[in-house]
Amino acid sequence: MARTRVSLLTAISSFAVLAAMPVHAEDEKVPVVTDNAAPDESGEDIANEIIVTAQNVRGQVDTPVPPVQELGEADIAAYGAGSITDLIAALAPSTSSGSGRGAGGMPALLINGVRVSSFREMASYPPEAIKKVEILPESVAQKYGFSADQRIINIILKDNFSSKTVEAEYGQPWAGGTSDWQLEGTYLTIAGPSRINIHGEWKDVSPLTEAERGIIQSTPPPAAGALDPADYRTLVADSSTGQINGTLTTKLADNGTSLTVNGQYERDKSLSLNGLNSLLLTDPIKSRSLTDTVSLGSTLNAPLGDWQITGTLDASHANGRRVLDHSTDAGYDTAQTIDDSATSKLTAMGSPFSMPAGDVSLTLNSGYSWDRIQSDDSRSVVGKTTLTRGDLTAGFNVGVPITERGGTLGFIGDINLNLTAGVDYLSDFGTLTNWSTGFSWGWTDNLSFQGSYLARDAAPTLTQLNAPETVTPNVQTYDLTRGETVLVNVISGGNPDLTKQKQRDYRFGTQWRLPFLSGSNISIDYFHNHSEDVSAAFPLLTPAIEAAFPGRVTRDAITGQLVSIDQRPVTFAEENSSRLRFGLNLTGAFGKAQPGGGGGGFGLFGAIRSAQGAGPGAAPAAGAPAQGQSPAGAPAAGGPGGPGGFDPQRFQEMRAKLCADGAEAPDISTLPEGMQERLRGPDGKIDPAKLAEFKQRMCSAQGGGFFNPQQFQEFRQKLCAPGGTPDVSGLPPQMLDRLKGPDGQIDPTRLKEFKDRICSLPAPAPAGGNGERRSGDAGGGLAGGPPPGGPGAGGPPPGGPGGGRGGFGGGPGGGDGRGRWFLSLNYTLELENQVLIAEGLPVLDQLDGDGLSGGGVVRHSAQLQGGLFYRGLGLRYSANYSGSSDINGSGLPGSTDLHFGSLATLDLRLFADLGQQTKLVQKVPFLKGTRVSFGVTNIFNSIRKITDENGDVPLRYQPGLVDPEGRALEIEFRKMF
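In this text, residue positions in the sequence shown follow UniProt numbering: the first is 1, and each later residue adds one.
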């Protein structure tokens with residue numbers, strides 16, 4: 001009976017998946033894309049995978065540039081992340097840019113190929129709601145109106161998904177002293193183009209003092225028995241954060257128009273200690289802060305003819321208050337900052353005309369951003385201030401295909417050129433311009449090259465120019481000139497004399513997709529940055545910097561001890577840097593696939609959903625276009641009843657021809673090109689072993705994953721018999737579980753939806769022994785229209801963590817029962833990093849000890865990530881390496897060099913999806929949908945060692961100050977309902 005059920009499962013799944021295959025798939029030129037990132041290299045599941053790959057995935061980014069990395073559902077599950085925020089953090093080595101510009105190389109984000117108003121729209125989504133993730137290089141960002149120093153993350157969501165998630169997390173250093181705990185709750189529903197998300201979280205962190213890490217004070221207690229200042233200095237502040245977020249996305253029209261509205265409120269509170277009051281000697285100097293932030297965002301996405309129009313608006317109001325005790329009396333200072341900002345962006349993407357090698361793409365963008373900062377600080381000599389800036393922008397990006405493989409000058413490969421230009425007008429600064437040009441060259445399917453040149457102006461930030469002057473006392477500072485750690489007064493604020501910065505950058509890169517390991521690649525990128533009139537924060541106070549800016553440093557006239565530093569921004573005459581970045585991304589599957597496994601949502605229910613046009617790789621159901629789809633009027637190939645409807649007669653004829661030929665050389669010329677590619681070996685020729693396996697499955701109704709028309713028809717007749725309750729007794733247990741409600745009984749709504757979907761499929765023709773179509777067989781396509789009740793009708797059935805709730809998906813994370821492994825390695829070699837402070841002064845080489853930052857510039861750095869995931873059990877590790885660096889002293893008596901040693905850390909995370917442990921769930925039903933994770937960061941408690949030229953550790957660089965936490969533990973409990 002069990003064997004019959006498994007065979008029935010594969011028969012129904014195969015039929016429904018075939019229904020999503022276009023009738024003329026062999027003539028289509030759409031890229032061959034699978035939902036599962038790594039097909040079986042052995043060819044074991046070729047028959048199943050071939051059929052799945054006939055469709056493009058809705059929401060993919062349309063670009064000739066290959067992605068840096070792609071993740072399918074099973075790959076995403078292997079990371080064990082609790083939210084999209086966690087997932088993106090785990091992907092940081094691949095998503096960060098090596099351009100040397102921007103906000104730390106942070107990526108730009110898309111949902112289903114469309115811009116969003118802010119990351120808030122998706123931050124709390126569970127990864128189980130994701131169908132696919134694309135990471136794209138910097139050259140793609142400009143097409144969507146982003147800057148050229150960001151990579152793109154495109155998150156493609158499942159068409160139907162619903163979940164309620166609660167999560168509790170606790171962490172602390174191995175050495176104790178402080179701890180943090182966090183509670184989160186998330187509700188998410190996705191029904192085609194409509195989404196509702198509500199999220200709330202609370203985080204609390206307890207304080208850690210210098211005494212708890214044995215920090216030696218630069219100024220010891222004045223007398224024996226006196227209070228130790230280390231007890232009154234915090235390394236980690238006592239803080240708490242609360243947040244509530246809500247997002248609604250709704251369809252406005254049947255042509256794909258949708259509107260998203262997001263709102264968030266956040267409160268941050270902290271208390272830190274800055275030592276003892278020097279007069280009272282009994283009270284700590286406290287710094288208390290409280291910030292309330294309200295944020296609103298909106299995205300409107302609509303087709304307009306052949307153009308896709310996206311408008312975004314993001315606004316926020318932040319009110320921050322701070323109270324800082326005096327260091328010499330019982331008084332205190334107060335500071336309040338109110339920051340109001342709003343940013344709007346309008347982009348139009350389309351193809352105005354075609355060339356012999358393809359369509360020309362054009363993106364037009366315009367926007368306006370406004371920022372106002374009101375501050376009132378009792379330490380400031382100017383009192384209350386208001387800073388305001390408006391920024392009006394406009395620009396365009398055009399992509400021109402020059403050659404096309406298989407077409408115009410095809411022997412050269414695919415060559416595309418792009419040009420971007422834009423202008424900004426800042427209300428407080430003036431006009432800025434930018435332009436860039438680049439190329440992409442796909443020499444072969446697996447080998448590609450990219451290059452770009454960027455020229456742009458940049459303005460100092462609003463606060464760099466105009467922030468009020470303030471003085472912060474008792475800041476611990478290491479004086480390289482005298483080789484000592486002292487407490488100094490630090491002056492901060494703006495510098496109105498800063499000027500326009502000129503940037504000239506270029507980049508060249510290549511990527512090779514490994515032909516022997518699907519979804520894997522090697523990349524090499526070269527970056528060069530040249531800047532003039534650079535606005536920068538005041539650098540590390542070295543003897544060279546003190547000589548360049550003598551008016552910024554105050555010393556005691558008698559002792560020469562450092563007293564004060566004016567750290568307001570400065571202008572450097574010129575900066576030059578260049579680097580090489582190497583990337584390696586590997587991924588694959590291991591183990592045996594479960595019989596009839598529905599990888600990637602192609603199990604029984606996921607496949608039926610695909611047959612109705614709402615599954616992975618299929619077009620949205622009629623009347624329910626989703627974000628990122630083609631504008632109105634474009635045919636949705638593969639949609640129900642459309643040109644992509646399943647033709648049983650064509651399938652039978654194709655099967656008959658394949659199976660009737662001699663065993664030595666069956667004719668595969670009628671197969672779609674994507675299917676033929678799956679049968680080829682590394683040499684590009686048909687692999688006999690894969691072909692034999694494929695033929696055996698296609699020509700035998702007993703082959704795993706092959707569609708058996710007769711068996712499906714028998715089941716269909718029983719299920720669809722008129723009157724009474726449909727008979728589902730023949731379904732495998734896991735399928736019956738999908739139809740049950742919380743009470744363990746068959747849910748009538750789910751059963752009706754299941755019956756409607758199966759019974760709307762055409763009656764297949766039973767195959768004869770030779771595979772020929774019998775007379776009287778039904779033909780034609782599928783009935784059109786969306787599933788009864790519209791998208792998401794009846795709600796999705798329950799499932800375990802990792803994919804069960806993704807509509808009617810298959811196994812965990814969209815997998816087919818096999819395990820997943822992945823490995824990502826990124827290495828950066830800094831080739832050059834030089835700064836000219838001013839004309840006439842020597843050039844500072846930051847790679848040779850002329851450091852401008854606290855840790856100097858390292859020549860070598862690397863990040864390694866990897867993991868395994870198998871049937872609910874996962875392991876993820878992350879290793880980071882940062883090389884050594886030096887900062888030179890003056891060479892005079894009393895001065896000293898600083899050496900920053902290399903640092904290597906290793907993090908480990910273990911997780912178990914308890915809901916996938918069947919026997920355990922049977923004993924403890926509460927564990928259904930739960931996951932437990934345990935993590936250790938910095939396993940070997942590695943801390944960068946910083947020494948002077950004598951090998952001694954300066955007080956300012958004691959290990960407890962460099963890394964107060966060190967090795968830390970974390971445990972997390974997550975339950976999805």
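Yeah, the Cβ is synthetic: ideal placement off N, Cα and C, and Gly gets one too.
Spanning the alpha carbons of S895 and G883 requires a straight line of approximately 24 Å. I190 is not a Cβ neighbour of L248, given a cutoff of 7 Å.
Of the residues D525, E201, A342 and T420, the one whose Cα lies closest to the Cα of Y144 is T420.
In the structure shown, F411 adopts helical secondary structure according to DSSP, grouped into three states. Considering only E839, I88, G851 and L290, the residue with the shortest C-alpha distance to Q336 is L290. With respect to the C-alpha of V563, the residue from S577, T485, L517 and I522 having the closest C-alpha is T485. Collapsing the DSSP output to three states places Y79 in coil. Per DSSP, reduced to three states, the secondary structure at Y125 is coil, with no helix or strand assignment. Contact between the stretch 521-538 and the stretch 421-430 is not established, with fewer than three Cβ pairs separated by less than 8 Å. Note that the C-beta distance between Q172 and S97 is not below 7 Å. DSSP, read as helix, strand or coil, puts Q464 in helix. For L183, the enclosing beta strand (DSSP E) starts and ends at D180 to A191. Spatial neighbours of R456 in its own chain (CB-CB distance under 6 Å, excluding positions within 5 residues in sequence) are listed in chain order as N434 and Q503. Fewer than three Cβ pairs drawn from the stretch 148-164 and the stretch 366-378 lie within less than 8 Å of each other, which leaves the two stretches out of contact. For the pair D848 and L841, the Cα-to-Cα distance works out to about 17 Å.
P460 has its alpha-carbon roughly 27 Å from the corresponding atom of P137. Distance from the CA of L927 to the CA of D913, rounded to the nearest whole angstrom, comes to 9 Å. The C-alpha of G560 lies about 22 Å from the C-alpha of Y957. Setting aside the 5 residues that flank it on each side, G297 is surrounded in the same chain by S117, S118, R120, E121, N262, L313 and D314, each with a C-beta closer than 7 Å to its C-beta; the list follows chain order. In its chain, beyond the 5 residues on either side, A573 have a beta carbon closer than 7 Å to the beta carbon of E839. Between the stretch 326-333 and the stretch 345-361, the count of Cβ pairs shorter than 8 Å is below three; the stretches do not touch. S448 is positioned such that its CB atom lies closer than 7 Å to that of P66. By the beta-carbon neighbour count (other beta carbons within 10 angstroms, threshold 16), T178 is buried. Judged by DSSP in its simplified three-state form, T554 adopts strand. Taken in chain order, the complete alpha helix (DSSP H) segments of 4 residues or longer contained in the stretch 877-960 are 918-923.
DSSP places K752 in the helix class (H, G or I) of the three-state scheme.
The beta carbons of L462 and R389 sit about 5 Å from each other, so the pair counts as a contact at 8 Å. Excluding the 5 residues flanking it on each side, V553 has same chain C-beta neighbours closer than 8 Å at L541, E546, L562, S564, I565 and D566, in chain order. Here S240 carries a strand assignment [DSSP, helix/strand/coil]. Burial check for F911: the Cβ neighbour count within 10 Å reaches 16 or more, so the residue is buried.
A direct Cα-to-Cα measurement between L739 and G867 gives close to 33 Å. In this model, A537 and R115 are separated by some 32 Å (Cα to Cα). When rounded, the separation of the alpha-carbon atoms in T85 and S878 is 17 Å. Following the DSSP letters along the chain, one finds D86 inside the alpha helix (DSSP H) bounded by residues I84 to A90. By the criterion of at least three beta-carbon pairs nearer than 8 Å, the stretch 355-364 is in contact with the stretch 400-411. Taking the Cβ atoms as the reference, I285 lies roughly 15 Å from S218, outside the contact range of under 8 Å.
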